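Student: Residues in the sequence shown are numbered from 121 upward in steps of one, following the numbering used here. No residue lacks a Cβ here, since even glycine has one placed at the ideal position from N, Cα and C. Source: prediction; values computed, not measured. Shown below is the structure under consideration.
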Amino acid sequence: MQIKELYNCVKKEIKKNDFFEIVRSLFKTTAVDIDFDTNLSSKNVKDFFFILKQYKKGKPLAYLLKTKYFFENEFYINKNVLIPRNETELLVEELLEYSLKNKVIYDICCGSGCIGISLKIKEPTINLNLCDISKKCIKVVKKNLKKFNLKANIYCANFLDPVFKNPFKPDFIVINPPYIEEGDINIDIKTLKHEPHLALFAPNKGMHFYETLFENLIKLYSLNTKLIIMCEFGFNQKEQLETIFKKYGVKYEIEFKQDYSHHWRYFIIKSKELYGQTN
């Protein structure tokens, strides 16, 4: 059977992009263009229909294939880590605007490690520190480091604890924390059913980790006054964050930025002392 024949058989059951993602995984290739006339082995066809059966039940394709493309590379993932999102690539792009040579970077709530590892691939001299509270996430992180033949300091610890307890003073901290409020009606049902709730939900209407971050700004900037913090948040949380941050605005500045869909998606914090802006 050729790929085009298989596609014609199943095109009403699967999105075209997802079909080709499965085919690429069967051939273990990341090539964008696949020849429709390529012949499939009987094992290829059997494996395809096994995946399709799970796909039709609503299981995320990334978990079925155990891989997800993120910022120029395929990362290993499984059900224990959040599926990397396209909008999170913006954190990588933003950080790459800075000179990162020999800098110390902490990737907090790192999940699969895709943010920090993407940076390390681009700038190998980075002192990379990958941190997550989940032991299962840490196993995935180690697999991805091995896949890309990279080394990093790995910490299974709660939120900011590694920053304060380790000798490497941060130049950059990047965070994609849990930020969804329990009961949020905007959450996709597939996400709710299949992705790890530890990586999705946060107390205090989703604000817990931002509140903790803001409360620790003095301690963080005592480690390095030139520290830059970047953090993702939910598309409808900007006003809440502005309200919470207001009392910290004397010493620190916060800049909000939008994603590809023009939703507010991440912020950057810097010390005003760095720019001589304090009164």
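Assess contact between the region 322–338 and the region 295–307, defined as three or more Cβ pairs (one per stretch) separated by less than 8 Å. Is contact present?
Tutor: Enough Cβ pairs lie closer than 8 Å, so yes.
Student: Near L248, what residues of its chain come up, given a Cβ to Cβ distance below 6 Å and the 5 sequence neighbours on each side ignored?
Tutor: I225, G236, K240 and A272, listed in sequence order.
Student: Helix, strand or coil: which one does DSSP assign to R144?
Tutor: Helix, per DSSP.
Student: When the distance is taken between beta carbons, is V201 closer than 8 Å to Y277?
Tutor: This sequence places Ala at residue 277; Tyr is not what is there. For A277 and V201, no; Cβs fall outside 8 Å.
Student: Quick check on DSSP: helix, strand or coil for T150?
Tutor: Coil at T150, not helix or strand.
Student: With H, G and I counted as helix, E and B as strand and the rest as coil, what does DSSP make of T398?
Tutor: Because T398 sits at a pLDDT of 45, beneath the cut-off of 50, its placement in the model cannot be relied upon, and the point is left open.
Student: Measure the C-alpha to C-alpha separation of L343 and I228 and round it to an integer number of angstroms.
Tutor: Cα-Cα distance, rounded: 17 Å.
Student: In this structure, how does DSSP classify I197 when only helix, strand and coil are distinguished?
Tutor: I197: coil per DSSP, three-state reduction.
Student: If I'm right that L361 touches F353 with Cβ under 8 Å, what's the distance once you round it to whole angstroms?
Tutor: Indeed they touch by this definition, with Cβ atoms about 6 Å apart.
Student: Spell out a yes or no on whether the region 175–183 and the region 158–165 are touching, meaning 3 or more CB-CB pairs, one atom from each, closer than 8 Å.
Tutor: Verdict: no, contact absent.
Student: Might you give, ordered along the chain, the residues of its own chain that have their beta carbon closer than 7 Å to the beta carbon of T150, omitting 5 neighbours on each side?
Tutor: Excluding sequence neighbours, T150 sits near R144 and E194.
Student: According to DSSP, is F387 part of a helix, a strand, or is it coil?
Tutor: Strand at F387.
Student: What is the C-beta distance between K242 and L210, in whole angstroms, given that I count them as a contact (C-beta under 8 Å)?
Tutor: At roughly 15 Å, the Cβ-Cβ gap does not stay under 8 Å, so K242 and L210 are not in contact.
Student: In this structure, how does DSSP classify E213 when only helix, strand and coil are distinguished?
Tutor: Looking at E213 - three-state DSSP - the assignment turns out to be helix.
Student: Classify F170: buried if its beta carbon has 16 or more other beta carbons within 10 angstroms, exposed otherwise.
Tutor: Looking at its Cβ environment, which holds fewer than 16 other Cβ atoms inside 10 Å, F170 is exposed.
Student: Between the Cα of F376 and those of I274, M350 and D155, spot the shortest distance and give me the residue it belongs to.
Tutor: Checked all of I274, M350 and D155; the closest Cα to F376 is M350.
Student: By the 10 Å Cβ neighbour count, where 16 or more other Cβ atoms means buried, how is P287 classified, buried or exposed?
Tutor: Exposed: under 16 other Cβ atoms inside 10 Å.
Student: Leaving out the 5 sequence neighbours to the left and right, which residues in its chain are closer than 7 Å to D379 when beta-carbon positions are compared?
Tutor: Excluding sequence neighbours, D379 sits near E207, L210 and R385.
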